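Below is one structure, written out as structure tokens; comments come after it.
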Amino acid sequence: MDFDCEILKNECLKSGYKRVIFNAPEIAKAARGGQFVHVQIETMKDRILRRPFSISNTDPATGELTVVYKVVGHGTEELARLRPGDHCRILGPLGNAYTAPDQDTFPILAAGGYGTAALYLVAKNAPRKGILLLGARTADDLILVEEFEKIGFEVRIATNDGSAGQKGFVTELLDGALAGQDPEKCTVYGCGPTPMLLALGKLTLEKKINAELSLDQHMCCGVGACFACVVKVKDETSPDGWRYSRSCKEGPVYNATEVYYG
Amino acid sequence: MADLTTDLGRIKLKNPVMTASGTFGYGQEYDEFFPISELGAVVVKGIAPWQSHGNPTPRVAEVTSGMLNAIGLQGPGIDKFLKDDHYMPFLRKSGATVIVNIWGKKIEDYCEVAARLEAESEGIEALEINVSCPNVKEGGIAFGTDPVMMGKVVSAVRAVTKLPLITKLSPNVTKIADFAKAAEDAGSDMISLINTIPAMAIDIETFRPKIANITGGFSGPAIKPIAVRMVYEASKAVKIPVIGMGGIMTGEDAIEFFLAGAKAIAVGTAIFADPMAPIKVRDGINAWLDKKGFASLNEIIGAVKI
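Residue numbers (this note's numbering), protein chains in the order written: chain A, -6 to 255; chain B, 27 to 332.
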């Protein structure tokens, strides 16, 4: 489960966002949309923990594993410095996955920022192509738009500052995406910041639309041992009505009905 | 192949490598990486009389050469631990040498857990008394930073179980020897140290502490020299076996603890970086002993030249 993987490509997408492609045949074969990998960047000697990244794309035929990341801290700065031919140890695929859409499912992907990265594999493998609702702070944070369009998804955009698409939040695009669709056949696949996902979850419950959300928290071990990355889920057996669930093991994907919104 | 067996008085281990409580879940999480029965012992995450949520998130923050955590002892409680497949039933089947870490808010809580484990002790090799968690408001470190209080907890647990007892000491004290001695006098069969060191990290963008609990326990390679010093001082103070831990990443790190007087060691934070770390540490200890021409681990315990 812990593989030594060579970097094949490590390229800039736009404004601080990068895409790294690893040669990781075992992971590429096994991975499903929504899962993640836990990457050890060994050149980072005084930072010992691994970095978790959503799996963005895989090619089981060539063994390629694609991760899209934003340079935000020590780990991603160091990852950005790595070149083709460098190696990382990669643990994965980890966590559960989105339920793969079947041929009747109309997939509505709802992404906040680079949440798009985690939704690409679901979109690629969806028999029926649907809509990507993409929310971001500003136009600079919109990534992978062409990639989703290329595989037949319509992309609708909302930015907080109005620099691209509709001004506002991604949740405001949901009604439009549902228009003319049989709600029973729609599934919303959400990935992005926690406040956005909680808002999206509540909205889909109100509208009685099936939704799966990828929730997480600062992660440490990645395999369910340390209880760092917990998120609140409903639990009738708990006096408080909720419990903390390990997002690396029982998640990161939760049905909106499982999530505790209190 | 050197002889790695180690004699901890009432328990004998096939090798000196344990897992530090809280870093190895309940064993099953790492079973897909290696047979957990290969370890000297598996020390499970702390068990209380009740199921507990633990602390709010974020619970961890990385710092230079280490990390802070304030998980807050999230756990299933003794009922689930004994009954649910994932916990004790799995551990019994795994063939692992199992040490159960116990905690509570009051002395009676420790006794309740110990008594329950005593009653269903099949497959349990020893109990580790956690009087040193820095991240819970009651119990934990509050007991472990007062030798009299700590002694009371250990004596009370001693009275309800025949299982070998390990007292896990806090580094957050002025004179560790006094605490080692207090644990020994109260009937502890072994001591383990160190638990994490209370610490803090602040996000300079948001001005907020990096973990929700404000402070957390510092672990990882940065704390190793502190741990080695405390193991050395504790080993000199007591006759009971000492289990050393704190920042062990490699076999060579472990050797320092043996030289300081530890008869066994535990790997903790290293597991988060590499799930195979405990096995690599075991193999590293063996390779070092072979290279230096020692036939057994026992030859180097306490062998530091002063």
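Using N, Cα and C, we set each Cβ at its ideal position, and we do this for glycine too. These numbers were taken from a predicted model, which means no experiment stands behind them.
Taking a beta-carbon distance threshold of 8 Å, TYR56/B counts as an interface residue toward chain A. The C-beta distance from ASN16/A to GLU(-1)/A rounds to 5 Å, short enough to meet the 8 Å contact threshold. When rounded, the separation of the alpha-carbon atoms in ASN239/B and THR83/B is 8 Å. When DSSP states are grouped into helix, strand and coil, GLY243/B belongs to the strand group. Burial state of LYS250/B is buried, judged by a 10 Å Cβ sphere holding 16 or more other Cβ atoms. In this structure the region 62 to 73 of chain B touches the region 120 to 137 of chain B; the number of beta carbon pairs closer than 8 Å is three or more. Counting other Cβ atoms within 10 Å of its Cβ, PRO75/B reaches 16 or more and is therefore classed as buried.
In this chain, the alpha helix (DSSP H) harbouring ASN118/A covers 109 to 118. In this structure SER261/B is buried. Its beta-carbon is surrounded by 16 or more other beta-carbon atoms within 10 angstroms.
The beta-carbon of GLN33/A is placed less than 8 Å from the nearest beta-carbon of chain B. A contact is defined here as three or more CB-CB pairs under 8 Å, and the region 45 to 58 of chain A meets this definition with respect to the region 16 to 30 of chain A. When Cβ pairs closer than 8 Å are counted between the two stretches, the region 187 to 196 of chain B is seen to touch the region 211 to 218 of chain B, the count reaching three or more.
Chain B places no beta carbon closer than 8 Å to that of HIS80/A, leaving this residue out of the contacts. Residues of chain A with a Cβ closer than 9 Å to the Cβ of ARG85/B are, in chain order, GLN210, HIS211, CYS213, CYS219, PHE220, ALA221, CYS222, VAL223. Checking the DSSP bridge columns, you'll see TYR10/A partnered with LYS7/A, LYS63/A. If you draw a straight line from the Cα of GLY272/B to the Cα of PRO53/A, it comes to about 41 Å. Taking 8 Å as the Cβ-Cβ cut-off, the region 84 to 114 of chain B approaches chain A at PRO84, ARG85, VAL86, ALA87, GLU88, THR90, SER91, GLY92, MET93, ASN95, ILE97, GLN100, given in chain order. Less than 8 Å divides the Cβ of ALA182/B from the Cβ of ILE133/B. With a contact defined as Cβ atoms closer than 8 Å, SER207/A and CYS184/A qualify at about 4 Å.
Note that the C-beta distance between LYS289/B and LEU34/B is below 8 Å. For PRO247/B, the neighbours in chain A by C-beta distance under 8 Å run, in chain order, ILE41. Restricted to the region 180 to 231 of chain B, the alpha helix (DSSP H) segments that are unbroken, complete and at least 4 residues in length are 202 to 211, listed in chain order. Unbroken beta strand (DSSP E) stretches of 3 residues or longer found wholly inside the region 167 to 232 of chain A: 179 to 184, 203 to 207, 223 to 227, given in chain order. Close to chain B, meaning a Cβ-Cβ distance shorter than 7 Å, is no residue of the region 53 to 70 of chain A at all.
Within the model, the alpha-carbon separation for ALA253/B versus MET93/B is close to 15 Å. Between MET189/A and LEU84/A, the beta carbon gap of about 27 Å keeps them out of contact (Cβ cut-off 8 Å). The beta carbon of ALA87/B sits closer than 6 Å to the beta carbons of LEU94, ALA227, LYS236, ILE237 from its chain, once the five residues preceding and following it are set aside; these are given in chain order. In this structure, the straight-line span from the alpha carbon of ILE297/B to that of ILE62/B is close to 13 Å. Put simply, the backbone Cα of LYS188/B is about 26 Å away from that of HIS112/B.
When 9 Å is used as the limit between beta carbons, MET(-6)/A is near these residues of chain B: GLU58, PHE59, PRO301, in chain order. When the beta-carbon positions are compared, ILE101/A and VAL181/A come within less than 8 Å of each other.
Under a criterion of Cβ atoms nearer than 7 Å, no residue of chain B is adjacent to ARG130/A; the nearest Cβ is some 15 Å distant.
Here the alpha carbon of TYR10/A sits roughly 44 Å from the alpha carbon of GLY270/B.
According to DSSP, residue pairing for TYR237/A in a beta bridge involves LYS225/A. Going by DSSP, ARG82/A is part of the beta strand (DSSP E) stretching over 80 to 87. Residue nearest to GLU205/A within the set LEU191/A, MET212/A, HIS211/A is LEU191/A (criterion: CA-CA distance).
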